[in-house]
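Notes for the one structure printed next.
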Amino acid sequence: MFRAIHRNGNFDLSAPRHPVLDPRIQATLQGLGDLELAILICLIAQEHCMLSAEYGSIQDLQEGLQLICTTTFNLQPVVVHCSEHITIDEFSEAILVPPPDDEGRQDVAPRQTLAVDFTASRGRSPSRYGSNTLDNRRIADAIIITNMDLAPESVQVQALELMRTKRIFTRTALHTASKDFMVLAIPSHRGARLSLHLNDLFCMSHFHAEEDGLPYQNDDVARHTAPQLSSQDVKELRALAEEARITPEIAAYLHHIVVFMRNNRYIKGGVTATATRQLRAISKTLAVLHSLNFVPPSLVALAVRKIYPHRLKLTTVETERSLQWGSDHTAVKRLLEGVTIGDAIEDVLASVETPL
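Quick note: the sequence shown uses my numbering, first residue 482, plus one each step.
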């Protein structure tokens, strides 16, 4: 869930509301589901997200993300189904779409989705534009990549460069992405890992439970629904997020969480500098979505629960630090048995004193 709760179980709606946020946007935000909020957070923070679901629900998750991109945010998505056989050229061609007919974005009709599947047996690679044709295609606004963990390392490196630079070179041209560009990765199974640096570049992860349902399950209704949030709305929210205040007490709280996480006996690694930077950005973004112009501790804790699960590596019996000082191997094994990444995160949050 992306909605903060206090210890009594409810968000404090009596807190000061944001004085500038458009009431229409506030009303729209209240009606968004978890997947829509995840995508909106990525758009505002200009980051990327890793999403997962139960094995039998991955196809439904992918289709739900497509509809959210086109219907809620008027983004043009592409879907790339990866396998261990996909090549760099195939990946590069799959993420490109024709340029819009007009110059500015028109938030009036949902955009079409392009899907490219490389999981089946391959014939020829996707055709390229001829050498005498000006290749003015652009990178899609949203790239939904399924089974990304199965892609070869070379393709994952290409994806890493794409996410870092928002551009890609093909054999014919240099293609660029829009300001609202994002990558939504769906691993082949929950807990799957990408290459080290690519995994770290994904800002947050979210598991979508089947009982949470999907928006726009009636496809006919979705195709005739006007986008709920325009690119201008996202720009307004982004500007407000940049202005959200982090007090010295909250800044210290952020710092202490990172320090405690690096020293936690259950955590072996994954507390990176990139994650620390993104923790501040997501905390400020969540504040705006809760109609606040400051960051409270509850939203910092919520951001921690979204940013670190796909990054952290748990310690093992062989790497537990206290063994260096004579701890009993059997006792350490019993201590670590059954500990999950979620347990480790909650242990850190419980150890850090929350500012009043």
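Glycine included, every Cβ here is placed at the ideal spot set by N, Cα and C.
Only exposed fits Glu799, as fewer than 16 other CB atoms lie within 10 angstroms of its CB. Residue environment for Asp630: buried (at least 16 other C-beta atoms within 10 angstroms of its C-beta). Considered as a whole, the segment 625 to 657 harbours 634 to 646 as its complete alpha helix (DSSP H) runs of no fewer than 4 residues, in chain order. Under the 10 Å beta carbon count, Asp622 is surrounded by 16 or more other beta carbons and is classified as buried. Between the beta-carbon of Ile748 and that of Leu795 there is about 7 Å, and that keeps the pair under the 8 Å contact cut. Beta-bridge partners assigned by DSSP to Ile620: Leu577.
With contacts defined by Cβ atoms closer than 8 Å, Ser711 and Pro790 do not form a contacting pair. In the three-state scheme derived from DSSP, where H, G and I count as helix and E and B as strand, Gly750 is classed as strand. For the pair Ile506 and Arg652, the Cα-to-Cα distance works out to about 43 Å. By the neighbour-count definition (other C-beta atoms within 10 Å, threshold 16), Tyr734 is a buried residue. The distance from the Cβ of Gln557 to that of Val578 is about 6 Å, consistent with a contact at the 8 Å cut-off. The shortest C-alpha to C-alpha distance from Leu655 to any of Ala519, Arg619, Arg671 and Phe683 is the one to Arg619. Setting aside the 5 residues that flank it on each side, Ala768 is surrounded in the same chain by Ala722, Ala725, Asn774, Phe775, Val776, Pro777 and Leu780, each with a C-beta closer than 8 Å to its C-beta; the list follows chain order. For Phe775, the secondary structure class from DSSP, reduced to helix, strand or coil, is strand.
By a beta-carbon distance limit of 8 Å, Leu641 contacts Leu679. Their separation comes to about 5 Å. When C-alpha distances from Asp681 are compared across Ala754, Leu817, Lys814 and Val785, the shortest belongs to Ala754. Relative to Gln713, the option among Val813, Ile525, Leu770 and Leu542 whose CA is nearest is Ile525.
A direct Cα-Cα distance of roughly 15 Å separates His737 from Leu837. As the crow flies, the alpha-carbon of Thr553 is around 15 Å from that of Leu718.
DSSP places Ser686 within a strand segment (E or B) once states are collapsed to three.
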